[in-house]
Amino acid sequence: MPAGLTACGGGDDTQASLPALPAETFVEPTALESVNGELHVTLQLAYVSRVLNGKAVTLRAMNASIPAPTLRVKTGDTLRIEVVNRLPPNPPSEEPARHLRYPNSTNLHTHGLHVSPGLVAPEVYGDYVMDDPQLGVQPGQTRRHEYRIRADHPPGAYWYHPHLHGATAIQVGSGMAGALLIRGEVDRVPAIAAATERVFVFQSPITDAAGTLESFTQLADNPAAEVPFLINGVRRPRLVMRSGEVQNWHFINAAIFNFANLSLDNHSLNVYSHDGNPRKNLLRIPPGGPDGVVLAPGNRASVLVQAGAPGTYYLRTLRFQMGSRLAILEEDIVAEIVVVDPVLPMSLPVGPLPVPASLANITDEELAAAGGLKRTIVMRTVFNQPDEPITIPPANAIVHPGSELETWVFQTGKTTLANKVFAFGSAGGQGSTEPAMPREYIPYQSSRALKQTVALGSVEEWTILNMNPIRHPFHIHVNPFEVIKINGVPIEPYWADTIALPPEGTSENPTSVTFRTRFTDFAGATLMHCHMLTHEDMGMMQTVEIV
Ligand SMILES: [Cu+2]
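Using this note's numbering, read the sequence shown as starting at 175 and increasing by one per residue.
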């Protein structure tokens, strides 16, 4: 570690030489809070011009704010959102893939919410994301959503962002995302209730020399570009804490591609919730790494931090390898925490935390009694040699390669993504425990795109295979899952809605994650996809229909 990055840590007597307490530069996004069980929000989508990290930018934004406002509701509340698309008409586009031509059309996803994915009343939408890319919420149109947050919904940190296929990366990459916090029982634990709460929306708005983001190619050519994280729109914000103070931080990785690997100098990060799903016990992540709190794009973690001796400490994202040799993220300082006297005596929670009944462990008995179907799903980028049609290695035993796959070439030389198909496959067949070679790779755009059909009320066990070097983050809408195995090895189970697949998978030796899910409460069609949003936009996505 460079000496210049460590010199400020520790509790020596430099405090005496400071002329005054440093001012906080940490900014909370505007918060909109429910009243009497309801929150009604209008989200206006339009261009905004502002300065981000010293650079003048003009980007698509929600309510002229990067990030978008924080929405605060309680379990049992009803959230109503009206999406008003005031973006200009879609510009002429030369993108060869048709679905990438609508950067000003949109829709809305509430990431992690266990709510209806369909219509909840005539022309009133739940977490509906099944739009045709040519349609969606077009410039000039509006859409009304109503989300009924059940009383037993896991309380925690969620977020919202556009999800129109082909426009998601460009819009979220512009900063169109906001925090969505659900308060519940865990927030009434005295040690948590007493802690100052802060939201950290990590974003890396990706702009060209003119400060704009106007083409998918701009994102896809170099998705892991060294664009630094901003927190709530601010580069390296400063927070001030009292020695001994406990604060409650909600980390949300709203970047479109890059992981965060968060660590605070000299301090543990005590995780009590993953993706809004409370844990029974604090998970203590000590400082120093190599692994801090690792957040794939889309992941959230809620952590309790207790300030130590007076001094200045850095919140860092530690060096992280996303899987391929080309995707190393170097260490970076993302925030500065200044701890001051006098001491504020507070404490971390002692003993188990309340976990919602909906997050009870899924036992073998429950799985067997509620269907017990096991599925194997494949995430894989299918590569091609330059200037040749897509070729499929015969070892992969594709049952239905289909003409779409052979002709569906994403780009034609304009980008580094030329001649790749970002595909989802299925392997082994439903109910099969056979080892898994993929039967189908079909891009989401295909007329024969794959669909997983799931029975409402069933409980299933899925294994997601990664056949690529990179750590594709798997995300499924509506129902969280309980992770039970990594690469076939049992782990201490935990609940999440987004999980990075282990790196360095190949078609012969895929890496894997295994989880169990209760498909409860809500029928309808929704999605699962890679949360590297350029991959999603290129088709690493599949429909899940709960019937
Ligand atoms: Cu991916």
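The beta carbon of each residue, even a glycine, is placed where N, CA and C say it ideally should be.
These numbers were taken from a predicted model, which means no experiment stands behind them.
Residue i and residue j closer than 8 angstroms at C-beta
{"i": "N259", "j": "T232", "result": "no"}
{"i": "G698", "j": "N642", "result": "no"}
{"i": "I511", "j": "L413", "result": "yes"}
{"i": "V360", "j": "P241", "result": "no"}
{"i": "Y734", "j": "I459", "result": "Nothing can be reported for residue 734, as the shown portion of the chain is limited to 175 through 721."}
{"i": "Y668", "j": "H448", "result": "yes"}
{"i": "F425", "j": "F403", "result": "no"}
{"i": "S208", "j": "V247", "result": "yes"}
{"i": "T744", "j": "H649", "result": "No answer is possible for residue 744: the residues shown for the chain start at 175 and end at 721."}
{"i": "A481", "j": "M415", "result": "yes"}
{"i": "I323", "j": "T216", "result": "no"}
{"i": "V363", "j": "P523", "result": "yes"}
{"i": "M706", "j": "P617", "result": "no"}
{"i": "E202", "j": "V373", "result": "yes"}
{"i": "H339", "j": "D711", "result": "yes"}
{"i": "L457", "j": "V445", "result": "yes"}
{"i": "I658", "j": "P664", "result": "yes"}
{"i": "S632", "j": "G525", "result": "no"}
Residue i versus residue j: straight-line alpha-carbon distance, rounded
{"i": "T491", "j": "D439", "result": "11 angstroms"}
{"i": "F598", "j": "Q619", "result": "11 angstroms"}
{"i": "L245", "j": "H327", "result": "16 angstroms"}
{"i": "A220", "j": "R410", "result": "27 angstroms"}
{"i": "R275", "j": "S389", "result": "9 angstroms"}
{"i": "N455", "j": "V529", "result": "10 angstroms"}
{"i": "P196", "j": "N473", "result": "31 angstroms"}
{"i": "A194", "j": "H335", "result": "40 angstroms"}
{"i": "P296", "j": "L261", "result": "25 angstroms"}
{"i": "I720", "j": "V628", "result": "5 angstroms"}
{"i": "H709", "j": "Q716", "result": "12 angstroms"}
{"i": "Y321", "j": "D538", "result": "32 angstroms"}
{"i": "F655", "j": "I405", "result": "28 angstroms"}
{"i": "E614", "j": "L639", "result": "13 angstroms"}
{"i": "L179", "j": "E505", "result": "Note that L179 has pLDDT 36, beneath the 50 cutoff, so the model's placement of it is unreliable and the number below is only indicative. Rounded to the nearest angstrom, the two C-alpha atoms are 10 angstroms apart."}
{"i": "G349", "j": "E682", "result": "38 angstroms"}
{"i": "V752", "j": "T204", "result": "Lying outside 175 to 721, the shown extent of the chain, residue 752 is not represented and no answer is given."}
{"i": "N653", "j": "L355", "result": "17 angstroms"}
{"i": "G292", "j": "G358", "result": "25 angstroms"}
{"i": "A271", "j": "M304", "result": "18 angstroms"}
{"i": "N264", "j": "P313", "result": "7 angstroms"}
{"i": "L527", "j": "V513", "result": "27 angstroms"}
{"i": "E269", "j": "S532", "result": "44 angstroms"}
{"i": "G576", "j": "M702", "result": "Bear in mind that a pLDDT of 48 at G576, under 50, signals an unreliable position, so the model cannot answer this."}
{"i": "S239", "j": "T316", "result": "19 angstroms"}
{"i": "T637", "j": "S600", "result": "10 angstroms"}
{"i": "L206", "j": "L213", "result": "8 angstroms"}
{"i": "R254", "j": "V294", "result": "12 angstroms"}
{"i": "V595", "j": "A623", "result": "13 angstroms"}
Nearest-angstrom Cβ-Cβ length linking residue i and residue j, presumed shorter than 8 angstroms
{"i": "A351", "j": "A428", "result": "4 angstroms"}
{"i": "V420", "j": "A365", "result": "7 angstroms"}
{"i": "P686", "j": "G662", "result": "This sequence places Ser at residue 686; Pro is not what is there. Right, their Cβ atoms sit about 6 angstroms apart."}
{"i": "Q626", "j": "V477", "result": "Contact doesn't hold; Cβ gap of about 33 angstroms is too wide."}
{"i": "G728", "j": "A501", "result": "For residue 728 there is no data in the structure shown, the boundaries of the chain being 175 and 721."}
{"i": "I551", "j": "R690", "result": "Not confirmed; about 14 angstroms, so no contact."}
Reference residue i; option with closest CA among the options
{"i": "P464", "options": "E297, N435 and S389", "result": "N435"}
{"i": "N432", "options": "A470, P411 and G450", "result": "A470"}
{"i": "G450", "options": "D251, L287, A271 and M714", "result": "L287"}
{"i": "D382", "options": "F376, V375 and Q392", "result": "Q392"}
{"i": "V408", "options": "T386, P379, S681 and G385", "result": "P379"}
{"i": "R234", "options": "E268, T249 and Q218", "result": "Q218"}
{"i": "Q308", "options": "L387, M712, M714 and N278", "result": "N278"}
{"i": "S521", "options": "N661, K659, S417 and P265", "result": "S417"}
{"i": "P676", "options": "P664, I660 and N683", "result": "I660"}
{"i": "V517", "options": "N535, V311, G525 and G485", "result": "G485"}
{"i": "T252", "options": "N227, A325 and I502", "result": "A325"}
{"i": "I644", "options": "M702, L547 and S498", "result": "S498"}
{"i": "F693", "options": "G385, L293, E634 and P243", "result": "E634"}
{"i": "G300", "options": "Q315, G631 and L282", "result": "L282"}
{"i": "S223", "options": "R493, N210 and N237", "result": "N237"}
{"i": "A369", "options": "V257, N422, T688 and K548", "result": "N422"}
{"i": "Q345", "options": "L503, L387, L630 and Y332", "result": "L387"}
{"i": "A670", "options": "G330, T342 and D515", "result": "G330"}
{"i": "V401", "options": "S437, H441, G347 and A367", "result": "G347"}
{"i": "Y332", "options": "F494, P243, H273 and S437", "result": "P243"}
Jot down the residue ranges of each uninterrupted alpha helix (DSSP H) in the region 211-267, minimum 4 residues, whole runs only, in chain order. Listed in chain order, there is nothing to give.
Which whole runs of the alpha helix (DSSP H) in the region 264-332 are 4 residues long or more, in chain order? You should have found no qualifying run.
Which residue spans inside the region 383-458 form an unbroken alpha helix (DSSP H) run of at least 4? You should have 390-394.
Which ranges does the beta strand (DSSP E) cover as unbroken runs of at least 3 residues, wholly within the region 622-706, from first to last along the chain? For the region 622-706, whole beta strand (DSSP E) runs of length 3 or above, ordered along the chain, are 625-628, 633-640, 647-650, 655-660, 663-670, 672-674, 685-692 and 698-704.
Ranges of the beta strand (DSSP E) found wholly within the region 470-502, counting only runs of at least 3: Qualifying beta strand (DSSP E) stretches, in chain order: 474-480 and 485-491.
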